[in-house]
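Chemist:
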Amino acid sequence: MSETQFAEMATRWYDQNARDLPWREPDVGAWAILVSEIMLQQTPVVRVLPAWRAWLARWPVPAALAADTPAEAIRMWGRLGYPRRALRLRECAVALTQRHDGVVPTDLDALLALPGVGSYTARAVAAFAYGQRHPVVDTNVRRLVARAVTGLPDAGPATRPADLVATEELLPVEPARAARASAAFMELGALVCTARGPRCGECPLAEVCAWRAAGRPAAPGPTRRPQQYAGTDRQVRGLLLAVLRETVGPVPGERLDLVWTDDVQRARALAGLVQDGLVERAGADAYTLAGDRRLI
DNA sequence: CACGCGTGGAG
DNA sequence: TCTCCAAGCGT
1 MSETQFAEMA TRWYDQNARD LPWREPDVGA WAILVSEIML QQTPVVRVLP AWRAWLARWP
61 VPAALAADTP AEAIRMWGRL GYPRRALRLR ECAVALTQRH DGVVPTDLDA LLALPGVGSY
121 TARAVAAFAY GQRHPVVDTN VRRLVARAVT GLPDAGPATR PADLVATEEL LPVEPARAAR
181 ASAAFMELGA LVCTARGPRC GECPLAEVCA WRAAGRPAAP GPTRRPQQYA GTDRQVRGLL
241 LAVLRETVGP VPGERLDLVW TDDVQRARAL AGLVQDGLVE RAGADAYTLA GDRRLI
């Protein structure tokens with residue numbers, strides 16, 4: 001059977017089963033789609049929904065965000081996680097304002113050059129906002145292709161050029177249909193062909209799935225070692241940032257000392273936040289979110 | 001290219 | 001409870 005059969009079957013399923021997510025509405029602009037894609041990097045849909053609405057209500061165009069401080073972006077980011085994304089999204093807004101007349105570019109290379117925009121996000125915007133024909137390869141798509149096409153239980157840990165090629169070969173020729181197929185693949189991976197407990201009984205590709213045909217073999221070993229969190233600098237950074245987000249004005253170092261008892265690790269985490277541009281010193285022994293003007 | 005980077009919910 | 005993991009990016 002032809003490769004684009006996958007796309008046709010997935011798209012037909014998508015027509016009936018797609019979630020109605022707000023960034024998929026027809027009149028949503030490229031800026032709103034870009035914001036959604038950045039927020040969705042490693043953060044589940046349910047948590048992104050309210051944050052996305054609030055963000056766009058406050059900063060409906062890139063120039064509005066570019067004119068505000070990093071501190072406000074970090075605060076609006078709330079608890080979505082990986083707050084460096086908030087910083088990059090604001091830098092992205094600055095770049096759009098300065099170099100692109102406040103408009104999200106349509107060219108893939110121009111998109112890739114934006115802060116916080118990598119291979120996945122650039123192609124997602126080009127496809128979903130502008131209807132271009134590009135393989136849109138995220139973790140869901142890689143898993144779906146690994147199983148349905150290759151017959152492997154899972155994809156490798158990182159996106160490789162070969163993943164783009166393999167996915168591109170599944171896409172219909174017509175750009176608009178290719179973009180819809182990409183959305184369908186992602187939705188299938190998110191709802192049916194999940195990492196744990198795949199629902200093959202509901203899968204429109206079940207009849208042609210190489211992994212299912214092979215008897216759904218399990219992965220040999222752990223595909224990737226689980227990410228640690230408890231006790232890491234990442235946890236300490238999160239604790240420090242939570243205090244800084246919620247406090248108006250400079251936070252005394254004394255207050256930050258309370259979040260973690262290990263002086264060495266706490267200092268390292270704080271220095272990392274400063275290094276990353278999330279936090280800055282405010283006085284002898286006090287700190288604020290970067291560029292914070294909400295003093296007192 | 002392997003690693004660091006938050007947070008919270010599901011199984 | 002604890003483990004896994006969720007539309008990645010930058011270095």
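So the first sequence is residues 1 to 296, counted in full-length UniProt numbering. For every residue, glycine included, the Cβ atom is placed at its ideal position computed from N, Cα and C.
(1) Between Arg266 and the rest of its own chain, which residues show a CB-CB distance below 8 Å, the 5 nearest in sequence each way excluded?
(2) Please report the distance separating the alpha-carbon of Gly151 from that of Pro60.
(3) Would you kindly check if the distance between the Cβ of Pro153 and the Cβ of Ala218 is under 8 Å?
(4) On the premise that Ala57 lies in contact with Leu205, defined as a C-beta separation below 8 Å, what is that separation, rounded to the nearest angstrom?
(5) Is there contact here, the region 72–80 with the region 105–113, by at least three beta-carbon pairs under 8 Å?
(6) Per DSSP, Tyr287 forms a beta bridge with which residues?
(7) To the nearest angstrom, how far is it from the Cα of Trp31 to the Cα of Gly197?
(8) Once you ignore the five residues that flank Ala290 on each side, which residues in its own chain have a CB closer than 7 Å to its CB?
(9) State the Cα-Cα distance for the pair Ala190 and Ala271, rounded to the nearest angstrom.
(10) Can you tell me the Cβ-Cβ gap for Ala155 and Arg142, rounded? I've got them flagged as a contact below 8 Å.
(11) Thinking C-beta only, is Ala166 closer than 8 Å to Val149?
(12) Once DSSP output is grouped into helix, strand and coil, what is the label at Gly197?
(13) Let me know if Ala129 comes out buried or exposed under the rule of 16 or more other beta-carbons within 10 Å of its beta-carbon.
(14) Within the continuous alpha helix (DSSP H) that includes Asp109, where are the two ends?
Modeler: On the basis of the supplied data:
(1) Val236, Leu240, Leu256, Asp257, Val259 and Trp260
(2) 44 Å
(3) yes
(4) In fact, because the Cβ distance is near 38 Å, the residues do not count as touching under 8 Å.
(5) Remark: fewer than three beta-carbon pairs, one from each stretch, lie closer than 8 Å, so the region 72–80 and the region 105–113 are not flagged as touching.
(6) Val251 and Arg281
(7) Rounded to the nearest angstrom, the two C-alpha atoms are 35 Å apart.
(8) Pro70, Ala71, Gly277, Leu278, Val279 and Glu280
(9) About 37 Å.
(10) 4 Å
(11) yes
(12) coil
(13) buried
(14) Boundaries of the alpha helix (DSSP H) around Asp109: Leu108 to Leu112.
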